[in-house]
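Visitor: To start, I am sharing the structure in question, which I have written as structure tokens.
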Amino acid sequence: DQQVKQNSPSLSVQEGRISILNCDYTNSMFDYFLWYKKYPAEGPTFLISISSIKDKNEDGRFTVFLNKSAKHLSLHIVPSQPGDSAVYFCAASAQTGRRALTFGSGTRLQVQP
Amino acid sequence: GAVVSQHPSRVICKSGTSVKIECRSLDFQATTMFWYRQFPKQSLMLMATSNEGSKATYEQGVEKDKFLINHASLTLSTLTVASAHPEDSSFYICSARAVDRETTEAFFGQGTRLTVV
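Chains as they are written, first to last, in this note's numbering: chain H, 1 to 113; chain U, 1001 to 1117.
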């Protein structure tokens, strides 16, 4: 039973345009959400997080939106750059991040020059 | 950000041997460390949660006698794959949470690629 789902295995975007990566969750106990970027044979690198008390968090080119009623979050990258090409994982945690992370299956983003 | 070092990054071993993977928090103290496993093109699956000075908590389906976890200090946790077999070949990743933070981004090590031949 996948509690965190990323239904798009891949996404291709032109450089300079917006990348939107989506994530859905089923566990209503999740109250802390994170996005990680990962290259092959490396550990995930933290990008941005959001607590369930917020609906938006912004950090430079990265913005995460949370829709609790829909149990949906998205990561917006604008403008997209070729260096953003990687696999992006959505993760969720209960107890305000004090529990282990549950990961989605990942979305491979390819930013075309 | 905080640094988590995982060693070795790659190991090839013969079937039946044991392999130890170390996870160190370099610039912070970690009360809790997590061990994940990733199969090709799949998500990171939590194997166990390790708390300093106590026994690890294993996820359902993870053999505690196969995957031995020791968290002897606030900066070091080890995962030993006992009597490794080819089906244990995978990418293993640890993460650590800082003592002094209510919430944390759970910083990750760089991972260990284990190949059992």
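Glycine included, C-beta positions come from ideal geometry on N, C-alpha and C.
Bear in mind that the values here come from a model prediction, so they are computed numbers and not experimental data.
Near H:Ile50, what residues of its chain come up, given a Cβ to Cβ distance below 6 Å and the 5 sequence neighbours on each side ignored?
Guide: Phe33, Asn57, Val64 and Leu66
Visitor: Looking only at its chain, what residues have a beta carbon closer than 6 Å to the beta carbon of H:Glu42, apart from the 5 residues adjacent to it on each side?
Guide: Around H:Glu42: no qualifying Cβ.
Visitor: Give the secondary structure of H:Glu58 by DSSP, where H, G and I count as helix, E and B as strand, and everything else as coil.
Guide: strand
Visitor: Answer with yes or no whether the minimum CB distance from H:Ala92 to chain U is below 7 Å.
Guide: At a cut-off of 7 Å between C-beta atoms, H:Ala92 does not count as an interface residue with respect to chain U.
Visitor: Going straight from the alpha carbon of H:Ile126 to that of H:Ile77, what length do you get?
Guide: The shown model of chain H, from 1 to 113, leaves out residue 126 of chain H, and the question about it has no answer.
Visitor: Tell me H:Asp24's beta-bridge partners as DSSP assigns them.
Guide: H:Asp24 is bridged to H:Lys5 and H:His72.
Visitor: For the beta strand (DSSP E) containing U:Arg1010, list its first residue and its last residue.
Guide: Arg1010 to Cys1013
Visitor: Please say whether H:Ser80 and H:Lys6 have beta carbons closer to each other than 7 Å?
Guide: Here the sequence assigns Gln to residue 6 of chain H, which means Lys is not the residue at that position. Cβ atoms of H:Gln6 and H:Ser80: not closer than 7 Å.
Visitor: What's the gap between the Cα of H:Thr107 and the Cα of H:Leu21?
Guide: 7 Å
Visitor: Buried or exposed: where does U:Arg1165 fall if 16 or more other Cβ atoms within 10 Å of its Cβ makes it buried?
Guide: This structure leaves residue 1165 of chain U out entirely; chain U is present only between 1001 and 1117.
Visitor: 7 Å is my cut-off, CB to CB: does U:Gly1109 come that close to chain H?
Guide: yes
Visitor: Less than 7 Å between CB atoms is the rule here; does H:Ser19 satisfy it with respect to chain U?
Guide: Not closer than 7 Å to any Cβ of chain U, the Cβ of H:Ser19 fails to qualify, so no.
Visitor: For the beta strand (DSSP E) containing U:Phe1028, name the first residue and the last one.
Guide: That residue, U:Phe1028, is in no beta strand (DSSP E); it is neither H nor E in DSSP.
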